[in-house]
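Sequence positions in the sequence shown follow the UniProt record's numbering and run 1 to 451.
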Amino acid sequence: MSSTTDPMMEANEKREAESLGSTHDSNNITLDTTKPEPKVAKPPLGSPNLGQPNGGLAAWLQVAAGFMIFFNTWGLINTFAVFQTYYESGALFTESSSNISWIGSIQCFLLQLTGIVAGPIYDRGHLRLLLLTGSLLVVFGYMMLSLCHEYWQAMLAQAICVGIGSGLLFTPTVSLLPTWFSSHLGLAVGIASSGSSLGGVIYPIVLYRLIGPIGFPWAVRTLAFIALGTFIIPVVVMKQRIKPPKLRAMIDWSAFTDAPYITFALALLIVFIGNSVLIFYISYYPVNNAFTNESLGFYMVAIFNAASVFGRIAPNALSDRIGVFNTFAPMALLLSITVFCMIAVKNTGGMVVEALITGFFSGVIVALPPVCFAMLTKNKAVIGTRIGQGFAIGGLGLLIGGPTAGAILGTTEPLKWTGLWVYGGVTCAVAGFILVAVRIMKAGPTLMIKA
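Next up, the structure:
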C-alpha cells in the first residue's frame, strides 16, 4: 500500500473544507444581526439630572455643616428676646419697645432679603465665597456690638452687619440640602434646622450668665468667639453638588407667574409676622406681668428653643411620609391656637407649658419652608435663586412683625398684651388657611394624597 496521498483526494478534501468554512461564515453573518446599542451621553458632573445621593457620608456631612449654619444664624436670632429684655432695662440705651424690636426685625429681614443676592451667587457656583464672607460678617458684627453704647450703633452692628452676614449663609444652606436628598429631604432639613434650636438654648444662657460677672461687652464677644469656632465646620465641609452649565439671571421671573409658589411666599410672610411676636416677647411677657422673676424670664427663651428641636425634626420627618403641605398647614393652625392661649397665662407653670408648646410649633415655621420651596422647584439648578426670592418675600413678615407688635403693646403700663397675642394668633391662622389653599393647588381637594 502506497504511503503517498492521492492528489485527487486532497483536492476534494480542500474543496469540502472551503465549502464548510464558507457556510460557517455565512451562518455567522446571518445570526449576528443585532446592532450595537447607541452610546448614551452621560450628564456632566454637577448636572441637575444626576440623582441625589439621598444619604451616605458626604450627604450627611452637609447636614452637619448646615446644623452649624442654623446654630449661628437663626440660633442667634432666637436669642434676641434676651437682647430685647436687656435693652428694655435701659442699661445700654433708652428706647421704646417698638424701636428696640426694629433691631431684631431688621436682622431677621436681612437674613432673608439677602437671599435675593446670595441665591444667584450660589447658583453660579460660589458657595465658598458666600461661606467665608457671611461668617466674617456675623463675627465682626457681634464684635462691634460689644463696643456699642448708642441705639444707632447697635442697629448698624447687630441688625445690618449680622443680618447681611446671616443671609449670605442661610440661603446657600437651604439651597444645598435639596440637591443631596430626595425622599429623606424633610428629615435632613429638620436635623439641620435644629441647630437653630440648640443655638437658641446655648446663646441665651451664655449671654445671661456672663452679663453679670464680666459685663455686656465681653458676654457678646464670647458669643462671637463661639460663632467663629463653629463656622470652621461648614467652611471646610460644605460642597456644592450642582453647578449650572452657564450663567443664569439674578432673578427667576417665571417664579412670579407660578401661582403655588407666590401664594406660599405670601403665606410665609404672614406666618412670620405671628412667629416673630413669640420670638421677641416670650421672655419679656412673664417678667412684665410678674409671673416669673427676671432670671426665669431669661431662661424662658431657652425653654422655648429647646422645645423647638422636636418641632423641627418630628414634623419634617412626618412630611417625608404624608407630604410637606399636608404637614405645614395644620401645624400653622395649631400654632395659632397656642398663641391665643397665651392670653390665659397667669402664672409661672402656665408660662412654662406655653413656652414648651409654642416652641414646638414655632420650630415648624422655620424648618419646613425650605422643603416647601424645594418641592415647588422642579429645576434644582435654580433652587438657590427661587429659595432666595421666596424667603425675601417671606422676610417682610419678620420686618413687620416685631415693630407692629411693639406698637400694639404700647409704652404705657399696663401694656396691651391681649391685643398682642390676638394679633399673633390671627396672623398664624390666616397663614394656615392660605397654606391649605396652596395644598389644594398642588394636589386638589382630595385628602388622602401626599402633597
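By construction, the Cβ of each residue, glycine as well, lies at the ideal position given by its N, Cα and C atoms. Owing to the predicted nature of the structure, the values given are computational and were not obtained by experimental measurement.
Helix, strand or coil for MET441, going by three-state DSSP, please let me know.
helix
Assign GLY432 to one of two classes, buried (16 or more other C-beta atoms within 10 Å of its C-beta) or exposed (fewer than that).
It counts as buried.
Here's a check: name, in chain order, each residue in its chain whose Cβ is nearer than 7 Å to the Cβ of LEU356, leaving out the five neighbours to either side.
ILE303, ALA307
I need the DSSP call for ASP320, collapsed to helix, strand or coil.
helix
Helix, strand or coil, according to DSSP, for THR411 in the structure here?
coil
Taking the CB atoms as reference points, tell me whether PHE310 and MET331 lie closer together than 8 Å.
In this structure, MET331 does not lie closer than 8 Å to PHE310 by Cβ.
How should VAL236 be labelled, buried or exposed, when 16 other C-beta atoms within 10 angstroms of its C-beta is the threshold for buried?
exposed
Closest Cα partner of GLY349 within the set LYS239, LEU296, LEU335, GLY55:
LEU296
If we ignore side chains and look at the alpha-carbon of each, how far apart do VAL438 and PHE391 end up?
16 Å
Measuring CA to CA, which of GLN107, TRP152, PRO53 is closest to VAL138?
GLN107
What is the DSSP secondary structure of ASP123, reduced to helix, strand or coil?
helix
Cβ neighbours of GLY406 in the same chain (closer than 6 Å, five flanking residues each side left out)
SER97, SER98, SER101
Provide the residue span of the alpha helix (DSSP H) that contains GLU354, from first to last.
Per DSSP, GLU354 is one residue of the alpha helix (DSSP H) stretching across 348 to 367.
CA-CA distance, THR33 and GLY186?
Note that THR33 scores 47 on pLDDT, short of 50, meaning its location in the model is unreliable; the coordinates nonetheless yield the value given after this. THR33 and GLY186 have their alpha carbons spaced roughly 50 Å apart.
Report the rounded CA-to-CA distance for ALA329 versus GLN112, giving the unit in angstroms.
21 Å
Would you identify the three-state DSSP class for THR4, choosing helix, strand or coil?
Annotation note: pLDDT 46 at THR4 (below 50); position unreliable, no value reported.
Is the separation between the beta-carbon of GLY167 and that of GLY115 shorter than 8 Å?
yes
Smallest Cα separation from TRP417: which of ILE387, GLY395, ILE322, ASN288?
ASN288
If you draw a straight line from the alpha carbon of VAL117 to that of SER194, how long is it in whole angstroms?
25 Å
Mark LYS35 as exposed unless 16 or more other C-beta atoms lie within 10 angstroms of its C-beta, in which case mark it buried.
With a pLDDT of only 47 at LYS35, under the threshold of 50, the placement of this residue in the model should not be trusted; the figure read from the coordinates follows. Exposed.
Sequence-distant residues of its chain with Cβ nearer than 6 Å to TYR142 (five each side left out):
VAL220, LEU223, ALA224
Can you tell which of TRP74, PHE272, LEU127, ILE191 has its C-alpha closest to the C-alpha of VAL201?
TRP74
Give the single residue among VAL189, GLU354, GLY401, ALA255 whose Cα lies nearest to the Cα of ALA314.
VAL189
With SER283 and MET300 assumed to form a contact (beta carbons below 8 Å), what rounded beta-carbon distance in angstroms separates them?
5 Å
Determine the burial state of ALA58: buried for a count of at least 16 other Cβ atoms within 10 Å of its Cβ, exposed for fewer.
The residue is exposed, with fewer than 16 neighbouring Cβ atoms inside 10 Å.
Pull up the distance between the alpha-carbon of GLN389 and that of LEU176, whole angstroms please.
15 Å
Taking only three categories from DSSP, how would you classify THR34?
With a pLDDT of only 48 at THR34, under 50, the local geometry of the prediction cannot be trusted, and the value read off the model is given with reservation. THR34 falls in the coil class under three-state DSSP.
Counted within 10 angstroms of its Cβ, other Cβ atoms place THR94 as buried (16 or more) or exposed:
exposed
Nearest neighbour of PHE181, chosen from MET375, LEU333, GLY119, TRP421 [CA to CA]
In terms of CA proximity to PHE181, MET375 leads the group MET375, LEU333, GLY119, TRP421.
One question on the structure: do PHE291 and ASN326 come within less than 8 Å of each other, judged by their Cβ atoms?
Going by C-beta atoms, PHE291 is not nearer than 8 Å to ASN326.
Reference residue 452, options THR427, MET238, LEU435, closest by Cα
The question about residue 452 has no answer here: the residues shown for the chain are numbered 1 through 451.
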